[in-house]
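Trainee: Residues in the sequence shown are numbered from 1124 upward in steps of one, following the numbering used here.
My structure is below; once you've seen it, I'll send some questions.
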Amino acid sequence: MSRSLSKFLQIAVPLGLGIFLIWYIYQSFTPQQLTETKKHFTDANYGFVLLSIALSVLSHISRSYRWSFMLEPLGYRTKIANNFMAVSVAYLMNIFIPKSGEFSRGIILDKYEGVPFQKGFGTIISERIVDLIFLLLFTALALFIKFDVLYQYIVGSIPSSLLYILIFGIVLGAISIPLYVKFSKSNVNKKLKNFVIGLKEGIFSILKMRRKAAFLFHSFLIWGLYLLSFYTALHALPETANISIGTIIIAFVVGSFTFAFTNSGFGTYPAAIAGILAIFGVAKTVGVAVGWIVWISNISAIIFFGVLSLVLLPIYNRKGLQL
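Rendered as structure tokens:
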């Protein structure tokens, strides 16, 4: 497969999946359900949505500070404003080209702060590893809190024969993957080993950090603000304003994972939020509406701050302002 075709598929396939999910959900709705969904949009309290956006922006500011703690041991004291604008542009880029944001952050820091791309990119990878660890911790917490409900749902909705096949597949994978990693010499295995090595290096780089306490504080703050932003946005609709914290956490986790499947969760995020909330008794029309409200508000903020950052970056650095 040519490189150009591969790049095209990396963009087209996730986009196509998102479009398909949007079509699939809405074609399954009755005219009455479509009317109900539209009504949820018009009746929503957008004051909570704006507060949710503000909390999300605060998480980006916190991420900018945390990034500076990773750059300091390398000998670079970057301006927080440049860090924030680089982060904002990265989120913007990821909407259109998946995974491109990490590269754009490194390029911006190289251009405006003189941090060599490889060094800057290395800190971004380490940062992503930390984010993955936090997401897995939230996942474990969600499963612990709502395991009984999820178990009953899985047992009740999946035929026992298919369930046995899935369990067998998980056990087989747990046995075969470590053996494959140990003995295989394929390119895929090399990538897996490099990922594990990168994971270890990322963790050790954090342990060597001079301001570990501040780094951990901002890591908890970032993810706390993510969750609080999601929780606040759910108050936009009365039907989702009083759902349990366990349901909120598991919906938050499932929604977070969708960003890996399509361009910033396009199509998959509202579908996933609606699906997980339906398990806990929330009407599908409500779930779809709140999923879109959360997604559209976040993407709108990302586009606004991303475009604004692209405009301000050269102006800010030309004038030599400090922040």
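Each residue gets a CB set at the ideal place from its N, CA and C atoms; glycine is no exception.
Contact defined as beta carbons within less than 8 Å: I believe N1168 pairs with A1359. What is the distance between those atoms, to the nearest angstrom?
Mentor: Here residue 1168 refers to the residue found at position 45 when the sequence shown is read from its first residue. Here residue 1359 refers to the residue found at position 236 when the sequence shown is read from its first residue. Yes, N1168 and A1359 are in contact; Cβ-Cβ is about 5 Å, under 8 Å.
Trainee: Between F1207 and I1288, what straight-line distance do the alpha-carbon atoms span, to the nearest angstrom?
Mentor: To locate residue 1207, count along the sequence shown from 1; it is residue 84. To locate residue 1288, count along the sequence shown from 1; it is residue 165. Using only the alpha carbons, I get a separation of about 47 Å.
Trainee: Using three-state DSSP, classify K1222 as helix, strand or coil.
Mentor: Stepping through the sequence shown from its first residue, residue 1222 is reached at position 99. K1222 falls in the coil class under three-state DSSP.
Trainee: What is the rounded straight-line gap between the Cα of G1224 and the Cα of G1429?
Mentor: The residue given as residue 1224 occupies position 101 in the sequence shown. The residue given as residue 1429 occupies position 306 in the sequence shown. If you take the alpha carbons of G1224 and G1429, they lie about 11 Å apart.
Trainee: Fully enclosed by the region 1390-1446, which alpha helix (DSSP H) runs are 4 residues long or longer?
Mentor: Entirely contained in the region 1390-1446, the alpha helix (DSSP H) runs reaching 4 residues are, in chain order, 1391-1402, 1407-1442.
Trainee: Since M1332 and F1192 are thought to touch, with beta carbons under 8 Å apart, how far apart are those beta carbons, to the nearest angstrom?
Mentor: Here residue 1332 refers to the residue found at position 209 when the sequence shown is read from its first residue. Here residue 1192 refers to the residue found at position 69 when the sequence shown is read from its first residue. So it is a contact: roughly 6 Å between Cβ atoms.
Trainee: In its own chain, which residues sit with a C-beta less than 7 Å from the C-beta of L1197, not counting the 5 before and 5 after it?
Mentor: As a first step, residue 1197 must be located in the sequence shown, where it is residue number 74. K1242.
Trainee: Report the option in I1203, F1219, F1257, D1254 whose CA atom is closest to the CA atom of I1231.
Mentor: Residue numbering aside, residue 1231 sits at position 108 when the sequence shown is read from its first letter. Checking every option, the nearest Cα to that of I1231 belongs to I1203.
Trainee: Where L1348 and S1432 are concerned, what is the direct C-alpha to C-alpha distance, given to the nearest angstrom?
Mentor: Taking the sequence shown and counting its residues from 1, one reaches residue 1348 at position 225. Taking the sequence shown and counting its residues from 1, one reaches residue 1432 at position 309. One C-alpha to the other measures close to 22 Å.
Trainee: Going by DSSP in three states, L1360 sits in which element: helix, strand or coil?
Mentor: Numbered from 1 along the sequence shown, position 237 holds the residue referred to as residue 1360. Here L1360 sits in coil by DSSP.
Trainee: Let me know the secondary structure DSSP gives V1238 once reduced to three states.
Mentor: Taking the first residue of the sequence shown as position 1, residue 1238 is located at position 115. Coil.
Trainee: Three or more C-beta pairs closer than 8 Å, one from the region 1154-1162 and one from the region 1399-1419: is that the case here?
Mentor: The region 1154-1162 is in contact with the region 1399-1419.
Trainee: With a threshold of 8 Å on Cβ separation, who are the neighbours of Y1149 within its own chain once the five nearest residues in sequence on each side are excluded?
Mentor: As a working note, residue 1149 is residue 26 in the sequence shown. Answer for Y1149: L1157, listed in chain order.
Trainee: Between the Cα of F1226 and those of F1244, F1219, I1220, G1237, spot the shortest distance and give me the residue it belongs to.
Mentor: For the purposes of this step, residue 1226 is identified with residue 103 of the sequence shown, where counting begins at 1. Out of F1244, F1219, I1220, G1237, F1244 has the C-alpha closest to the C-alpha of F1226.
Trainee: R1189 and F1338 - do their beta-carbons sit closer together than 8 Å?
Mentor: Start at 1 with the first residue of the sequence shown, and residue 1338 comes out as number 215. Start at 1 with the first residue of the sequence shown, and residue 1189 comes out as number 66. Their beta carbons are under 8 Å apart, which means F1338 touches R1189 by this criterion.
Trainee: So, with DSSP's three-state summary, where would you put G1198?
Mentor: Residue 1198 sits at position 75 when you count from the first residue of the sequence shown. G1198: coil per DSSP, three-state reduction.
Trainee: Can you list, in chain order, the residues of its chain with a C-beta nearer than 7 Å to that of Y1439? Leave out the 5 residues immediately preceding and following it.
Mentor: As a working note, residue 1439 is residue 316 in the sequence shown. Correct list, in chain order: A1204.
Trainee: Thinking C-alpha only, which one of P1361, I1268, E1362, I1372 is nearest F1353?
Mentor: Numbered from 1 along the sequence shown, position 230 holds the residue referred to as residue 1353. Checked all of P1361, I1268, E1362, I1372; the closest Cα to F1353 is I1372.
Trainee: Got a sec, what are the start and stop residues for the alpha helix (DSSP H) T1385 sits in?
Mentor: Sequence index remark: in the sequence shown, residue 1385 carries index 262 (1-based). That residue, T1385, is in no alpha helix (DSSP H); it is neither H nor E in DSSP.
Trainee: Among the candidates G1398, L1178, A1265, whose CA atom is the shortest distance from the CA of S1420?
Mentor: Looking up residue 1420 in the sequence shown gives position 297. Out of G1398, L1178, A1265, L1178 has the C-alpha closest to the C-alpha of S1420.
Trainee: Give the straight-line distance between the Cα atoms of I1176 and Y1235, rounded to the nearest whole angstrom.
Mentor: Start at 1 with the first residue of the sequence shown, and residue 1176 comes out as number 53. Start at 1 with the first residue of the sequence shown, and residue 1235 comes out as number 112. Cα-Cα distance, rounded: 27 Å.
Trainee: Quick test of your reading: I1345 and A1374, contact by CB under 8 Å. State the CB separation rounded to the nearest angstrom.
Mentor: For the purposes of this step, residue 1345 is taken as residue 222 along the sequence shown, with counting starting at 1. For the purposes of this step, residue 1374 is taken as residue 251 along the sequence shown, with counting starting at 1. Not confirmed; about 19 Å, so no contact.
Trainee: List the endpoints of the continuous alpha helix (DSSP H) containing T1158.
Mentor: In the sequence shown, counting from the first residue as 1, residue 1158 sits at position 35. Looking at the DSSP string, the run of the alpha helix (DSSP H) that includes T1158 is 1154-1166.
Trainee: Return the CA-CA distance between D1233 and E1250, expressed in angstroms with no decimal places.
Mentor: Position 110 of the sequence shown holds residue 1233. Position 127 of the sequence shown holds residue 1250. Going by the C-alpha atoms only, they are around 17 Å apart.
Trainee: Secondary structure at I1366, three-state DSSP: helix, strand or coil?
Mentor: As a position in the sequence shown, residue 1366 is number 243, starting the count at 1. Three-state result, I1366: coil.
Trainee: For A1209 and I1290, what's the separation of their Cα atoms in angstroms?
Mentor: Position 86 of the sequence shown, counted from the first residue, corresponds to residue 1209. Position 167 of the sequence shown, counted from the first residue, corresponds to residue 1290. Cα-Cα distance, rounded: 43 Å.
Trainee: According to DSSP, is K1335 helix, strand or coil?
Mentor: Taking the first residue of the sequence shown as 1, we reach residue 1335 at position 212. Helix.
Trainee: Of the residues P1437, K1407, I1329, which one's Cα is nearest the Cα of Q1155?
Mentor: On the sequence shown, position 32 is the one that residue 1155 refers to. Among P1437, K1407, I1329, the Cα nearest to that of Q1155 is on K1407.
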